[in-house]
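Chains as they are written, first to last, in our numbering: chain V, 1 to 133; chain G, 1 to 133; chain X, 1 to 133; chain E, 1 to 133.
Protein chains: 4
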Amino acid sequence: MISIIAIDLRNPKPIYEQIKDNIKQLIITGALKPDEKLPSVRELAQTTSINPNTIQKAYRDLESDGFIYTVSGRGNFVAPSPKNVDSKRLEELYDILRAAVGELSYLGAAQSNIIEIVQNTISRSRPQGGNKT
Amino acid sequence: MISIIAIDLRNPKPIYEQIKDNIKQLIITGALKPDEKLPSVRELAQTTSINPNTIQKAYRDLESDGFIYTVSGRGNFVAPSPKNVDSKRLEELYDILRAAVGELSYLGAAQSNIIEIVQNTISRSRPQGGNKT
Amino acid sequence: MISIIAIDLRNPKPIYEQIKDNIKQLIITGALKPDEKLPSVRELAQTTSINPNTIQKAYRDLESDGFIYTVSGRGNFVAPSPKNVDSKRLEELYDILRAAVGELSYLGAAQSNIIEIVQNTISRSRPQGGNKT
Amino acid sequence: MISIIAIDLRNPKPIYEQIKDNIKQLIITGALKPDEKLPSVRELAQTTSINPNTIQKAYRDLESDGFIYTVSGRGNFVAPSPKNVDSKRLEELYDILRAAVGELSYLGAAQSNIIEIVQNTISRSRPQGGNKT
DNA sequence: GTGGTCTAGACCACG
DNA sequence: GTGGTCTAGACCACA
Chain V
1 MISIIAIDLR
11 NPKPIYEQIK
21 DNIKQLIITG
31 ALKPDEKLPS
41 VRELAQTTSI
51 NPNTIQKAYR
61 DLESDGFIYT
71 VSGRGNFVAP
81 SPKNVDSKRL
91 EELYDILRAA
101 VGELSYLGAA
111 QSNIIEIVQN
121 TISRSRPQGG
131 NKT
Chain G
1 MISIIAIDLR
11 NPKPIYEQIK
21 DNIKQLIITG
31 ALKPDEKLPS
41 VRELAQTTSI
51 NPNTIQKAYR
61 DLESDGFIYT
71 VSGRGNFVAP
81 SPKNVDSKRL
91 EELYDILRAA
101 VGELSYLGAA
111 QSNIIEIVQN
121 TISRSRPQGG
131 NKT
Chain X
1 MISIIAIDLR
11 NPKPIYEQIK
21 DNIKQLIITG
31 ALKPDEKLPS
41 VRELAQTTSI
51 NPNTIQKAYR
61 DLESDGFIYT
71 VSGRGNFVAP
81 SPKNVDSKRL
91 EELYDILRAA
101 VGELSYLGAA
111 QSNIIEIVQN
121 TISRSRPQGG
131 NKT
Chain E
1 MISIIAIDLR
11 NPKPIYEQIK
21 DNIKQLIITG
31 ALKPDEKLPS
41 VRELAQTTSI
51 NPNTIQKAYR
61 DLESDGFIYT
71 VSGRGNFVAP
81 SPKNVDSKRL
91 EELYDILRAA
101 VGELSYLGAA
111 QSNIIEIVQN
121 TISRSRPQGG
131 NKT
């Protein structure tokens, strides 16, 4: 059961993106275990006061990105550890990483600080094991 | 003089954002030095075949973000090292950083790989000195 | 006796369609001979952990398509070679064929490869003889 | 400009799928050339009397499948010949091919007939050249 | 009860 | 003018 889905309507980021980010986070940190059931579209729509169509869009995106899978008539479930990762997505993430680190550094953030956050984030994620380049 | 402004029209990211990212990158890596003159709106519009309004919006944003400053009638120039950094922007960047690292790690990227990229990016940026947390 | 009924719950295709496809395949390839008895609805439901209603719907469809026949109180049996074929179904199949071959070709599949698969499939099917256009 | 988009509301296949199939067909056969502009969402919605949201869904699917690309604020355009083809999609198509050919053969379609249709379809598609397995 | 499809209609960002 | 997002509300297929 998910408890923390925080939506900020004033945030310019689309609602369905915020939902995606939230759920991704829960999956990455292991708060949601593989094959665990996600709240149904309707249920989440009710608890968040977001339109079901918007929730559904977030779920469909998450499915096509391999984070969850859908069983017709049953619901949505957390996908097991990803296998065939889209190399484009990896490059995209590395680009985002470089841009963020570059700007942080330029704005005066201490190197030690950045590295520490990166390491903490890594150690908190990937509770399922499995390595790849 | 700027030579590499790469715009991808197919990219869903707005063009003015792509321009901002490009110029930020040039400033962060020191390819553009403090107080160096940027190409005029008109000039950049011509060389890139982008609508001048779009260029202008990018410049306006960069100015309000403290990356460049405008001298009316003269043109736009690279700002010196930033002083009063918006703490909200820093938090935003840290969030982006955490999300990207988390997802990379989850998708199987090696920790060594991530750390290496972070360190390389840091060492390549901030040629102006000055540290802050 | 049927041994291989592979159901993938994650597949968006309805379960009863998957069952139909499976059984059709077994009939077409001759793994199930004419007048051979199919497992009962109850039995198949048990071995596959699928709702009996779902199995029944698949059987009903297969009967109306002429692949099996039902003897009330006895069970379901493989129909002998089809005689009066629904011409609409044939047109439908030709359309599917054209669409699949067209897309394969467009996506770069070698002509030789496609033809080979088609010929292999033909030679492996229709063990009962009987030709029609 | 597209003229022939035939939608059959009685067809159980979802409308957006019919639209996708139609446009795919036009692209595969070369009726729509690479980089040619597709009708806008609104325009196609009007000429077909289909809701714009439904058209948009079809377009988004086509984009994620690599058949078209979207330029924000400009419209949708036919993608050039596909490069990195999803191997899962190829397998899916081969499966569809096998199933259709198998059933056709079983229903009595002449082998010569099937092969002829396959060859005609291949020769009519892929006007851009380029081979792959 | 679950997700999937579709419509009508609105507002916004972009260029 | 273009696509993108969001809502409200409806109906259907599936299990």
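We put the beta carbon where it would ideally sit given N, CA and C, even for glycine.
No experiment lies behind these values; they were computed from the predicted model shown.
With a threshold of 8 Å between beta carbons, is residue i in contact with chain V?
{"i": "Leu62(G)", "result": "no"}
{"i": "Arg10(X)", "result": "yes"}
{"i": "Pro34(X)", "result": "no"}
{"i": "Lys24(G)", "result": "yes"}
{"i": "Val85(G)", "result": "yes"}
My assumption, with CB atoms under 8 Å, is that residue i sits in contact with residue j. Please give the rounded CB distance.
{"i": "Gly75(V)", "j": "Leu38(V)", "result": "7 Å"}
{"i": "Gly142(G)", "j": "Val85(V)", "result": "Since the first residue of chain G shown is 1 and the last is 133, residue 142(G) is not available in this structure."}
{"i": "Asn51(G)", "j": "Ala45(G)", "result": "7 Å"}
{"i": "Ile15(V)", "j": "Ile7(V)", "result": "6 Å"}
{"i": "Ala79(X)", "j": "Pro34(X)", "result": "7 Å"}
{"i": "Ile19(E)", "j": "Ile4(E)", "result": "Incorrect: roughly 12 Å between the Cβ atoms, too far for contact."}
{"i": "Val71(V)", "j": "Arg98(X)", "result": "At roughly 32 Å, the Cβ-Cβ gap does not stay under 8 Å, so Val71(V) and Arg98(X) are not in contact."}
{"i": "Ala100(G)", "j": "Ala100(V)", "result": "7 Å"}
{"i": "Thr29(V)", "j": "Ser125(V)", "result": "6 Å"}
{"i": "Ile122(V)", "j": "Gln111(G)", "result": "5 Å"}
{"i": "Phe77(X)", "j": "Glu36(X)", "result": "7 Å"}
Taking 8 Å as the CB-CB limit, is residue i close to chain X?
{"i": "Ala96(E)", "result": "Checking the displayed sequence, the identity of residue 96(E) turns out to be Ile instead of Ala. Yes, contact with chain X."}
{"i": "Glu103(V)", "result": "no"}
{"i": "Ser157(V)", "result": "Because chain V spans 1 through 133 in this model, residue 157(V) falls outside it and cannot be assessed."}
{"i": "Ala31(E)", "result": "no"}
{"i": "Leu44(E)", "result": "no"}
Please confirm whether residue i has its beta-carbon closer than 8 Å to some beta-carbon of chain E.
{"i": "Glu116(X)", "result": "no"}
{"i": "Tyr106(X)", "result": "yes"}
{"i": "Gln56(X)", "result": "no"}
{"i": "Pro82(G)", "result": "no"}
{"i": "Pro52(G)", "result": "no"}
For a contact meaning CB atoms closer than 8 Å, what does residue i contact in chain X?
{"i": "Tyr69(V)", "result": "Arg10"}
{"i": "Leu38(E)", "result": "Those within 8 Å of Leu38(E) in chain X number zero; the least Cβ separation is about 17 Å."}
{"i": "Ile28(E)", "result": "Gly102, Glu103, Ser105 and Tyr106"}
If the cut is a Cβ gap below 8 Å, which residues of chain E does residue i touch?
{"i": "Ile5(X)", "result": "Residues of chain E passing the Cβ test: none, with the nearest at roughly 16 Å."}
Please decide whether residue i counts as near chain G, where near means a Cβ-Cβ distance under 8 Å.
{"i": "Gln18(V)", "result": "no"}
{"i": "Ser125(V)", "result": "yes"}
Listing by chain order, which chain E residues have their CB less than 7 Å from the CB of residue i?
{"i": "Ile122(X)", "result": "Val101, Ser105, Gln111 and Ile114"}
_Given 8 Å, three or more beta-carbon pairs between the region 101-119 of chain V and the region 80-100 of chain G_ = yes
_Using 8 Å as the cut-off, can you tell me whether the region 12-28 of chain V makes contact with the region 50-67 of chain V, which would need three or more C-beta pairs spanning the two stretches below that distance?_
yes
*At which residue ranges does the region 15-54 of chain V contain complete alpha helix (DSSP H) runs of 4 or more residues, listed in the order of the chain?*
15-28 and 41-48
*Run through the region 47-94 of chain E for me and flag every whole beta strand (DSSP E) of 3 or more residues, listed as ranges in chain order.*
68-71 and 75-78
*Three or more C-beta pairs closer than 8 Å, one from the region 110-123 of chain G and one from the region 111-118 of chain V: is that the case here?*
yes
_alpha helix (DSSP H) runs wholly inside the region 93-125 of chain E, at least 4 long, in chain order_ = 111-124
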